[in-house]
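Numbering (this note's numbering), first residue to last: 320 to 1038.
Heads up, the thing below is written out as structure tokens.
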């Protein structure tokens, strides 16, 4: 820092200003009168009075000492994701280091590194504004951006921090210099997804709108290109497009659940990078209005539960019939006189049975309502891919039981029939009437239909069936006891007998609940239970909801780590998974047990694109999500965005080159220069000291007054 000195004149009056002005006025009046009467010595006396007034005003010579303040120029170093293309980031760091090593030919430097945000792209001018906030405006010399030119917040005018005013109120614009981390303007091709539906109906096509843009010198719209689409490992689909024009692509959705769609556009010759030539989107396939047929036998407490559950689901189209008058009770009353709808047996079980996704038979006893051909249609419906849910009560052991028909061939359990002369009571061999608590089996604790159901009791809870246990399921009072079962037993009843059994039958699925008292849970009997959630899960499993599959593979990528999870009802604790990278490279990932029926494995991934996990029977797909997609929308090295801002401030744009060993870094200079980074000298300073000395000492003033008055008297005496 250098000390400088300045001199100035100031006044320290010995009398109040009003009194000094009054005396000055009197002196002027007296002098004027003396001149009018031609009195000798008037001028000399006036001069003596002026000397007295001057001395009374206290003239002083001020000497001030100033210390020059250093000026600071900001160096904003771009290290965001787009700077990782080629060696831009290394060039920017090397240029900042060279600037810092320069001598004192320019202002001091403060370096700020911008590493980017999670969203919104690069924002260099926000970083400049924040960095300049704690620098006094009079000490700010300007700024230097070392970047690839890609920023989302370039102002239309001069940046606010660089538009200042000096101490006299004059506008001052500080320069912004831009150093480009390369040697020339570049070209780039990008793929943009303009519109894509998050959901699509299974069996129909989703419409995706995309656009390919070519940017940079020599590019023009209308250039032919090819977009390649891949979905869940299926053969690639190639679509010809033209750059600069929106293009609609129709993509069929074949299954419910998530579908990863990879899009990749052919490269532009000479483009800087192909990172933004590809993108991945997720389309979730949903079924269109799942159709459910609910047929209830004699009216029971569970009917209201079913209607409330299925009617509350907006994706379910429910058809419900309750059998009130079986054929043997026909008394000849005309149907027009009955407030009932005739059961459309042929329409439901012959003509339109294939339109349903799920059939629910709740306490249904045939009683010759359905002829054998329609019962065979129900069994055929299941084998072809439909779902059947049967809630069985005492009627299931009677002479009209469905288990003795073609439907029984697809059911996963058989209950001993009651003797013809014995009603289905506690004496019947297949019916148990006593209080018990439903329990989850070991398989049920792993199966997604019943796993983690709220309030699931601990094993062997039936011993406490008569007690109300907080946060556990309430008891039921009647259940069927099968003599044989197959499939997956998820819940057990009295004496650990099967209570809820699920099974796969060729392409379809069957669920059998061997009790008609689940409605007690909805009444809150001794604590109740998750009746609605359990029925919802069973129904959706029967309709093949992907998230409820008992054997499934899941994969997802987060923060550069691929996590593969295998769900299984088996006791397999570990297994090996085959991974296929986006470039086709295969590797093996070991999964280890992480809970009942769950095995998990992880590995770091770096490639963008769709990864495939395969355990031999199931496949799962995952793709990394770009944390800041705006950052990759344009990967060119270009001065189109920041160049005009630099020009408005009087700054320059310089290209550093692509050889780190021979970077073209201009030197720092004060003043303007065509081959240097010029900054104005602001001459900012602080006052370090002052000293004052009188310009008219008292003795000098007195001597001058005496001489002037004496001379006046002398001339007056000679007259």
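Here a beta-carbon is modelled for each residue, glycine too, at the ideal position from N, C-alpha and C.
Fair warning: this is a prediction, and the values are worked out from it, not measured in the lab.
Review point. Is residue 595 buried or exposed, if buried means 16 or more other CB atoms sit within 10 Å of its CB?
Key: Buried, since its Cβ has 16 or more Cβ neighbours within 10 Å.
Point to revise | Per DSSP, the bridge partner or partners of residue 938 | key: For residue 938, which the question treats as bridged, DSSP gives the partners 933.
**Study point:** Neighbourhood of residue 607 by C-beta distance below 6 Å, restricted to the same chain and skipping five residues each side
**Key:** For residue 607, where only same-chain residues beyond five positions count, the Cβ hits under 6 Å are 520.
Practice item. Could you round the C-beta distance between residue 586 and residue 508 to whole angstroms and report it? I think they count as a contact, below 8 Å. Key: Between residue 508 and residue 586 the Cβ distance is about 7 Å, and since that is below 8 Å, they are a contact.
Exercise for review: Using the Cα positions of residue 737 and residue 691, report the straight-line distance between them to the nearest angstrom.
Suggested key: In a straight line, the C-alpha of residue 737 is about 22 Å away from that of residue 691.
**Study point:** Run of the beta strand (DSSP E) containing residue 528, from where it starts to where it stops
**Key:** For residue 528, the enclosing beta strand (DSSP E) starts and ends at 524-534.
Practice item. Could you tell me which of 814, 604, 877, 467 sits nearest to residue 798, measuring between CA atoms? Key: When only C-alpha atoms are compared, the closest one is 814.
**Study point:** Boundaries (first-last residue) of the beta strand (DSSP E) holding residue 923
**Key:** It spans 917-923 - the beta strand (DSSP E) in which residue 923 sits, taken as one unbroken run.
**Study point:** Cutoff 7 Å; reference residue 937; Cβ partners in own chain excluding five residues on either side
**Key:** Around residue 937: 870, 871, 872.
Check your understanding: Would residue 800 pass as a contact of residue 749 if the rule is Cβ separation under 9 Å?
Key -> Between residue 800 and residue 749, the C-beta gap is smaller than 9 Å, which places the two residues in contact.
Check your understanding: What is the DSSP secondary structure of residue 994, reduced to helix, strand or coil?
Key -> In the three-state DSSP reduction, residue 994 falls in the coil class, being neither helix nor strand.
Point to revise | Straight-line Cα distance separating residue 918 from residue 912 | key: Per the coordinates, the alpha-carbon of residue 912 lies some 4 Å from the alpha-carbon of residue 918.
Review point. Helix, strand or coil: which one does DSSP assign to residue 402?
Key: The answer is helix: DSSP assigns residue 402 an H, G or I state.
**Study point:** Where residue 858 falls, given that 16 or more other Cβ within 10 Å makes a residue buried
**Key:** Counting other Cβ atoms within 10 Å of its Cβ, residue 858 reaches 16 or more and is therefore classed as buried.
**Study point:** Within 9 Å, strictly: CB atoms of residue 600 and residue 568
**Key:** The answer is no: Cβ separation not under 9 Å.
Check your understanding: Can you give the Cα-Cα distance for residue 925 and residue 879, rounded to whole angstroms?
Key -> For residue 925 and residue 879, the distance between alpha carbons rounds to 6 Å.
Review point. What's the C-alpha gap between residue 604 and residue 478?
Key: When rounded, the separation of the alpha-carbon atoms in residue 604 and residue 478 is 49 Å.
Check your understanding: Using the rule of at least 16 other Cβ atoms within 10 Å of the residue's Cβ for burial, across every protein chain shown, is residue 670 buried or exposed?
Key -> Counting other Cβ atoms within 10 Å of its Cβ, residue 670 stays below 16 and is therefore classed as exposed.
**Study point:** Cβ-Cβ distance between residue 431 and residue 393 below 9 Å
**Key:** Yes; because the gap between Cβ atoms is below 9 Å, this pair is in contact.
Point to revise | Where the alpha helix (DSSP H) containing residue 715 begins and where it ends | key: No alpha helix (DSSP H) holds residue 715; DSSP gives it neither H nor E.
Point to revise | Straight-line gap, residue 833 to residue 712 (C-alpha atoms, nearest Å) | key: If you take the alpha carbons of residue 833 and residue 712, they lie about 7 Å apart.
Review point. What does a CB cutoff of less than 6 Å around residue 370 pick up in its chain, not counting 5 residues either side in sequence?
Key: Correct list, in chain order: 1020, 1023, 1024.
Review point. Is residue 911 helix, strand or coil by DSSP?
Key: Three-state result, residue 911: strand.
Review point. Using DSSP with H/G/I as helix, E/B as strand and the rest coil, what is residue 517?
Key: In the structure shown, residue 517 sits in coil (DSSP, three-state: anything other than H, G, I, E or B).
Review point. So residue 613 and residue 551 are in contact, right, with Cβ under 8 Å, and what is the actual spacing, rounded?
Key: Between residue 613 and residue 551 a beta carbon distance of about 34 Å is seen, past the 8 Å cut, so the two are scored as non-contacting.
Check your understanding: Would the beta-carbon of residue 961 fall within 9 Å of that of residue 470?
Key -> By the CB criterion at 9 Å, residue 961 and residue 470 fall inside the cutoff.
Check your understanding: Nearest to residue 928 by alpha carbon, out of 941, 921, 922?
Key -> For the residues 941, 921, 922, the minimum Cα distance to residue 928 belongs to 941.
Practice item. Using DSSP bridges, identify the partner residues of residue 733. Key: In DSSP, residue 733 forms a bridge with 803.
Check your understanding: Looking only at its own chain, which residues have a Cβ that is under 6 Å from the Cβ of residue 440, when we skip the five neighbours before and after it?
Key -> For residue 440, where only same-chain residues beyond five positions count, the Cβ hits under 6 Å are 471, 949, 950.
Review point. For residue 795, which of helix, strand or coil comes out of DSSP?
Key: It is a strand residue.
**Study point:** Inter-residue spacing [alpha-carbon to alpha-carbon] between residue 1018 and residue 383
**Key:** Roughly 26 Å between the two C-alpha positions.
Review point. Do the region 491-499 and the region 574-592 touch if we need at least three Cβ pairs shorter than 8 Å?
Key: The region 491-499 makes no contact with the region 574-592; the number of CB pairs closer than 8 Å stays below 3.
Review point. From this set, 527, 1000, 844, 592, which residue's C-alpha is nearest residue 535's C-alpha?
Key: When each option's Cα is compared against that of residue 535, the closest is 592.
Practice item. Measure the C-alpha to C-alpha separation of residue 395 and residue 462 and round it to an integer number of angstroms. Key: Distance from the CA atom of residue 395 to the CA atom of residue 462, rounded to whole angstroms, is 7 Å.
**Study point:** DSSP state of residue 768 mapped onto helix, strand, coil
**Key:** Here residue 768 sits in coil by DSSP.
Practice item. Note down the Cα distance separating residue 492 from residue 530, rounded to an integer number of angstroms. Key: One C-alpha to the other measures close to 41 Å.
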